[in-house]
Amino acid sequence: MAEINKSYEKMPGLGRALGGSHQRFRPHQKPRNTKGTIRRLLTMLLQWRGTMLAAVLLTTLSSAVSITLPLLIGRAVNTFNIAAGTVDTAGLTTILLVIAACYLTAWATDTTNGVVMAKVTQKLVKAIRTQLFAKLQKIPLGFFDTRAHGDTMSRLTNDVDNISQTVSQATTQLVSSCLTITGTLVIMLTLSPVMTCVALVSIPLFLLLTRTISKRSSGLFLEQQRKLGALGGIIEENIVGLKMVKAFNRQKNVTAEFARVNAELRSCSAKAQTWAGFLMPFMNVINNLSFGLIATAGGVLSVRGMLSVGLVVSFLTYSRQFGMPLNSIAGMFANIQSALAGAERVFELLDEAEEAADREDVREITDVKGKVEFKDVTFSYIPGSPVLKDVSFTVNPGEVVALVGETGAGKTTIVNLLTRFYELDGGRILIDDTDILDISRETLRGCFSVVLQETFLFTGTIADNIRYSRPTATDEEVRAAAGLAHADDFISRLPGGYETIVTGSADNLSLGQRQLIAIARAILAEAPILILDEATSSVDTKTEKEIQQALLTLMKSHTSFLIAHRLSTIRDADRIMVIGGGEILESGTHNALMANKGAYYEMVMSQLGMGGGIGA
Ligand SMILES: Nc1ncnc2c1ncn2[C@@H]1O[C@H](COP(=O)(O)OP(=O)(O)OP(=O)(O)O)[C@@H](O)[C@H]1O
Numbered sequence: 001m002a003e004i005n006k007s008y009e010k011m012p013g014l015g016r017a018l019g020g021s022h023q024r025f026r027p028h029q030k031p032r033n034t035k036g037t038i039r040r041l042l043t044m045l046l047q048w049r050g051t052m053l054a055a056v057l058l059t060t061l062s063s064a065v066s067i068t069l070p071l072l073i074g075r076a077v078n079t080f081n082i083a084a085g086t087v088d089t090a091g092l093t094t095i096l097l098v099i100a101a102c103y104l105t106a107w108a109t110d111t112t113n114g115v116v117m118a119k120v121t122q123k124l125v126k127a128i129r130t131q132l133f134a135k136l137q138k139i140p141l142g143f144f145d146t147r148a149h150g151d152t153m154s155r156l157t158n159d160v161d162n163i164s165q166t167v168s169q170a171t172t173q174l175v176s177s178c179l180t181i182t183g184t185l186v187i188m189l190t191l192s193p194v195m196t197c198v199a200l201v202s203i204p205l206f207l208l209l210t211r212t213i214s215k216r217s218s219g220l221f222l223e224q225q226r227k228l229g230a231l232g233g234i235i236e237e238n239i240v241g242l243k244m245v246k247a248f249n250r251q252k253n254v255t256a257e258f259a260r261v262n263a264e265l266r267s268c269s270a271k272a273q274t275w276a277g278f279l280m281p282f283m284n285v286i287n288n289l290s291f292g293l294i295a296t297a298g299g300v301l302s303v304r305g306m307l308s309v310g311l312v313v314s315f316l317t318y319s320r321q322f323g324m325p326l327n328s329i330a331g332m333f334a335n336i337q338s339a340l341a342g343a344e345r346v347f348e349l350l351d352e353a354e355e356a357a358d359r360e361d362v363r364e365i366t367d368v369k370g371k372v373e374f375k376d377v378t379f380s381y382i383p384g385s386p387v388l389k390d391v392s393f394t395v396n397p398g399e400v401v402a403l404v405g406e407t408g409a410g411k412t413t414i415v416n417l418l419t420r421f422y423e424l425d426g427g428r429i430l431i432d433d434t435d436i437l438d439i440s441r442e443t444l445r446g447c448f449s450v451v452l453q454e455t456f457l458f459t460g461t462i463a464d465n466i467r468y469s470r471p472t473a474t475d476e477e478v479r480a481a482a483g484l485a486h487a488d489d490f491i492s493r494l495p496g497g498y499e500t501i502v503t504g505s506a507d508n509l510s511l512g513q514r515q516l517i518a519i520a521r522a523i524l525a526e527a528p529i530l531i532l533d534e535a536t537s538s539v540d541t542k543t544e545k546e547i548q549q550a551l552l553t554l555m556k557s558h559t560s561f562l563i564a565h566r567l568s569t570i571r572d573a574d575r576i577m578v579i580g581g582g583e584i585l586e587s588g589t590h591n592a593l594m595a596n597k598g599a600y601y602e603m604v605m606s607q608l609g610m611g612g613g614i615g616a
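In terms of the UniProt record's numbering, the sequence shown opens at residue 1 and continues consecutively.
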């Protein structure tokens, strides 16, 4: 278990393996690409170029005001003639009014800018979330086999939040810093090129420092976001698997595991923050040293009569102003890095390969009869380990075919391929003589009423869950479907009836009841091919038989695939196919296969031995 726990981050989907699903190990380490990430964020922001332009103009105005203010303050001081003991009152008043107007303008522009940027940022975040969610719908199912849902959720929540918190602040700040630096530099050069060179001595130091620190901390921030994702995975899996945790008394272990990843998160967050935090104090030291250097150089130059004392003082003020934006960038450094790490994880998900698009000449198939043909189908989840090898069979419209075989034989895989949840390695699958690759995915999936092994109910009412397969169905149709699925009785007895709210885990219903709702949902779909994958495994045998009878009558003119371990439930199928070793071992009616005394006979006998009551 310790080994299992340690692999949460390496194989984030492991929790599902504990629940019985099958996983593929695919670590998703990618080189960090800060420049590319910034470029992509900016490209996205440029969707709102008009608003961004307004924000830049407002920032320019605000920066211009802040660059001008020291000059005005200097002028205000000059209205005092200290030697003569006089004040130019009119001049002072004008300048003070202009200064007040400048402050007012700065306030108005900054406030408006804040509002504008908040709107753009939220639009950006909404766009990213929408793209991410849409992407989730297009990513092949195999992607989710290898990742913890918590990590994917963390990308949609924590990472996106991280971007939103920083983008609005940082973009304005960066633009304003660039403008202030440029403006101040121009004024400084005008005042004294020599002194400007002295002031710029600190810049290479600043760049070196930022580069060194960013090299250290950016990796740590990415790690921090990954650990946050891993922690999300643990939380999600432990909530879903809470009963297992309690049943096997693993509370201490999972708490210890949580504490371990939490401690790792704390450690790398602390390291990342510490490294990022070094920048600000270092910057202060560099700025103060630079200030001292400017003062010394200015003093020397003024003693030699090359510069007036007043100019040195102005210069010192501007050199402070020059350092300020650098300091503010240093102050935001940690946030920016953390947001970039989040953005990188978001883009990583957005860049995941999507399900192969439908071919251009795909067809919409209507009026499906239900003929299903597998022709030399080969498939593997993991390259090199084929699950199905050259499997061929034909099922005629209206035929009821049962797929049986040992656990892990490949029965569900046949369903997965038929519904095109996964793509074939070789061979073809045809429905009504048309290759499924030539059928649009939407109409293809509309061909099936599927009840999968893992019943999933969405948060909502029972009626909504049944109606999920056909949203336009009336209440009567929903009830009729529930009636056929033998679900109407228990639903009607619930205090809330069809309006009872169920959740994803639907713990307020028994497993069998959930299966009945799923069957009602499949019946309501009224699709031409019915697939029941262990659909009634949690229902009592009597009800199971009744449901099957009802379904088979309903589906009389259509094709049905039944997968069941309880062989008693499939003996009336038109054909039973035994899957094993990636192949179809035998195929025929119950009686024919029993007479054959092959794999099916063995299975029946072993179930009889266990009291399966199949009635050979
Ligand atoms: N998503 C997956 N990734 C990797 N391997 C998988 C995946 N799903 C199934 N497999 C593997 O493919 C094989 C066939 O699995 P499948 O689910 O089709 O078996 P099954 O016959 O339906 O079993 P069961 O009776 O337990 O439902 C198994 O060996 C399984 O480990």
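Where is the CB? At the ideal position from N, CA and C, for every residue including glycine. These numbers come from a predicted model, not from an experiment.
Exercise. Look up Asn81 in the DSSP assignment and say whether it is helix, strand or coil.
Key: To locate residue 81, count along the sequence shown from 1; it is residue 81. Three-state result, Asn81: strand.
Quiz item: Does ligand 1 have even one heavy atom less than 8 Å from the beta-carbon of Ala473?
Solution: Stepping through the sequence shown from its first residue, residue 473 is reached at position 473. Not under cutoff, so the answer is no.
Quiz item: Do Glu223 and Ala263 come within 9 Å of each other at the CB atom, strictly closer than that value?
Solution: The residue labelled residue 263 in the question sits at position 263 within the sequence shown. The residue labelled residue 223 in the question sits at position 223 within the sequence shown. Against a cut-off of 9 Å, the Cβ pair of Glu223 and Ala263 comes out as no contact.
Quiz item: Is Ala409 near ligand 1, with its Cβ less than 8 Å from a heavy atom?
Solution: The residue labelled residue 409 in the question sits at position 409 within the sequence shown. Checking the Cβ of Ala409 against ligand 1 gives yes.
Self-check item: Own chain, CB closer than 7 Å to Phe278, minus 5 neighbours either side, in chain order
Solution: Position 278 of the sequence shown, counting from 1, holds the residue named residue 278. Ile213, listed in sequence order.
Quiz item: Any chance the CB of His565 is under 8 Å from a heavy atom of ligand 1?
Solution: Mapped onto the sequence shown, residue 565 falls at position 565. Indeed, a heavy atom of ligand 1 lies less than 8 Å from the Cβ.
Self-check item: Distance, His590 Cα to Val377 Cα
Solution: Within the sequence shown, residue 377 is the residue found at index 377, counting from 1. Within the sequence shown, residue 590 is the residue found at index 590, counting from 1. The alpha-carbon separation between Val377 and His590 amounts to approximately 25 Å.
Self-check item: C-alpha gap between Leu179 and Thr171, whole angstroms
Solution: In the sequence shown, counting from the first residue as 1, residue 179 sits at position 179. In the sequence shown, counting from the first residue as 1, residue 171 sits at position 171. Roughly 12 Å between the two C-alpha positions.
Self-check item: Distance, Lys371 Cα to Gly19 Cα
Solution: Residue mapping note: residue 19 aligns to position 19 of the sequence shown, counting from 1. Residue mapping note: residue 371 aligns to position 371 of the sequence shown, counting from 1. With a pLDDT of 29 at Gly19, under the threshold of 50, the modelled position of this residue cannot be trusted; read the value that follows with caution. Here the alpha carbon of Gly19 sits roughly 34 Å from the alpha carbon of Lys371.
Quiz item: Mind checking whether the beta-carbon of Tyr498 lies closer than 8 Å to any heavy atom of ligand 1?
Solution: In the sequence shown, counting from the first residue as 1, residue 498 sits at position 498. Every heavy atom of ligand 1 is 8 Å or more from the Cβ of Tyr498, so no.
Practice problem: Can you grab the Cα-Cα spacing for the pair Val578 / Thr443, in whole Å? | Solution: As a position in the sequence shown, residue 578 is number 578, starting the count at 1. As a position in the sequence shown, residue 443 is number 443, starting the count at 1. Near 29 Å, if we compare the C-alpha coordinates of Thr443 and Val578.
Quiz item: In whole angstroms, what separates the C-alpha of Gly142 from that of Leu209?
Solution: The residue given as residue 142 occupies position 142 in the sequence shown. The residue given as residue 209 occupies position 209 in the sequence shown. Gly142 and Leu209: Cα-Cα distance of roughly 44 Å.
Quiz item: Rounded to a whole number of angstroms, what is the C-alpha to C-alpha distance between Val245 and Lys227?
Solution: Counted from its first residue, the sequence shown places residue 245 at position 245. Counted from its first residue, the sequence shown places residue 227 at position 227. If you draw a straight line from the Cα of Val245 to the Cα of Lys227, it comes to about 22 Å.
Quiz item: By a C-beta neighbour count over all protein chains shown, 10 Å radius and 16 as the cutoff for buried, is Met117 buried or exposed?
Solution: In the sequence shown, the residue the question calls residue 117 occupies position 117. Met117 comes out buried.
Quiz prompt | Own chain, CB closer than 8 Å to Arg40, minus 5 neighbours either side, in chain order | solution = Against the sequence shown, residue 40 aligns to sequence position 40. Only Ala343 and Phe347 meet the Cβ criterion.
Exercise. Taking all protein chains shown into account, decide if Ala357 is buried (16 or more other Cβ within 10 angstroms of its Cβ) or exposed.
Key: Reading the sequence shown from its first residue, position 357 is the one you call residue 357. Ala357 sits exposed, since fewer than 16 C-beta atoms from the chains shown fall within 10 Å of its C-beta.
Practice problem: Have a look at Thr461, Asn396 and Thr412 and flag the residue whose alpha-carbon is nearest the alpha-carbon of Leu430. | Solution: Sequence index remark: in the sequence shown, residue 430 carries index 430 (1-based). Here the closest residue by C-alpha is Asn396.
Quiz item: Mapping DSSP to helix, strand and coil, what is Glu373?
Solution: If you number the sequence shown from 1, residue 373 lands on position 373. If DSSP states are grouped into helix, strand and coil, Glu373 belongs with the strands.
Practice problem: Answer with buried or exposed for Pro204, where buried requires no fewer than 16 other C-beta atoms within 10 angstroms of its C-beta. | Solution: Position 204 of the sequence shown, counting from 1, holds the residue named residue 204. With fewer than 16 Cβ atoms within 10 Å of its Cβ, Pro204 is classed as exposed.
Self-check item: The beta strand (DSSP E) enclosing Leu585, as first and last residue numbers
Solution: The residue labelled residue 585 in the question sits at position 585 within the sequence shown. From DSSP, the beta strand (DSSP E) with Leu585 extends over Glu583 to Gly588.
Quiz item: Three-state secondary structure (DSSP) at Leu424?
Solution: Counted from its first residue, the sequence shown places residue 424 at position 424. Three-state result, Leu424: coil.
Exercise. Locate the beta strand (DSSP E) running through Gly580, then write down its first and last residues.
Key: By 1-based counting over the sequence shown, the position of residue 580 is 580. Its beta strand (DSSP E) spans residues Arg575 to Gly580.
Quiz item: From this set, Ser560, Lys126 and Leu92, which residue's C-alpha is nearest Thr157's C-alpha?
Solution: Looking up residue 157 in the sequence shown gives position 157. Looking at the Cα atoms, Lys126 is the closest of the given residues.
Quiz item: Between Ala330 and Gly323, what straight-line distance do the alpha-carbon atoms span, to the nearest angstrom?
Solution: Within the sequence shown, residue 330 is the residue found at index 330, counting from 1. Within the sequence shown, residue 323 is the residue found at index 323, counting from 1. When only Cα atoms are considered, Ala330 and Gly323 end up about 11 Å apart.
Practice problem: Take the Cβ of Arg521 as the centre, count every other Cβ of all protein chains shown within 10 Å, and call the residue buried at 16 or more, exposed below. | Solution: The residue labelled residue 521 in the question sits at position 521 within the sequence shown. The Cβ neighbour count for Arg521, taken over all protein chains shown within 10 Å, is at least 16; the residue is labelled buried.
Quiz item: Considering only the beta carbon of each residue, do Thr412 and His565 sit closer than 9 Å?
Solution: Taking the sequence shown and counting its residues from 1, one reaches residue 412 at position 412. Taking the sequence shown and counting its residues from 1, one reaches residue 565 at position 565. Contact: no.
Quiz prompt | beta strand (DSSP E) segments (min. 3 residues) lying fully within the stretch 470-537 | solution = You should have 529-533.
Practice problem: Can you tell me which of the three DSSP states Lys389 falls into? | Solution: Against the sequence shown, residue 389 aligns to sequence position 389. Assignment of Lys389 by DSSP, reduced to helix, strand and coil, places it in the strand class.
Quiz item: With respect to 8 Å, is the separation between the Cβ of Asp159 and the closest non-hydrogen atom of ligand 1 below this value?
Solution: As a first step, residue 159 is located in the sequence shown; it is residue number 159 there, counting from the start. Asp159 Cβ: outside cutoff for every heavy atom of ligand 1.
Exercise. Pull up the DSSP beta-bridge partners for Thr86, would you.
Key: Taking the sequence shown and counting its residues from 1, the one referred to as residue 86 is at position 86. BP columns for Thr86 point to Asn81.
Quiz item: Which class does Thr407 belong to by DSSP, given the choice of helix, strand or coil?
Solution: Position 407 of the sequence shown, counted from the start, is the residue given in the question as residue 407. Of the three classes helix, strand and coil, the one that applies to Thr407 here is coil, per DSSP.
Practice problem: Using three-state DSSP, classify Arg304 as helix, strand or coil. | Solution: By 1-based counting over the sequence shown, the position of residue 304 is 304. Looking at Arg304 - three-state DSSP - the assignment turns out to be coil, as it is neither helix nor strand.
Quiz item: Under the three-state reduction of DSSP, which class applies to Ala402: helix, strand or coil?
Solution: Counting from one through the sequence shown, the residue named residue 402 turns up at place 402. Strand at Ala402.
Quiz item: Less than 8 Å between the CB of Leu562 and some heavy atom of ligand 1, yes or no?
Solution: Stepping through the sequence shown from its first residue, residue 562 is reached at position 562. No.
Practice problem: Might you give, ordered along the chain, the residues of its own chain that have their beta carbon closer than 8 Å to the beta carbon of Ser544, omitting 5 neighbours on each side? | Solution: Within the sequence shown, residue 544 is the residue found at index 544, counting from 1. According to the sequence as given, residue 544 is Glu; it is not Ser. Thr536, Arg566 and Thr569, listed in sequence order.
Quiz item: Beta carbon of Ile531, beta carbon of Ile563: below 9 Å?
Solution: The residue you call residue 531 lines up with position 531 of the sequence shown. The residue you call residue 563 lines up with position 563 of the sequence shown. Their beta carbons are under 9 Å apart, which means Ile531 touches Ile563 by this criterion.
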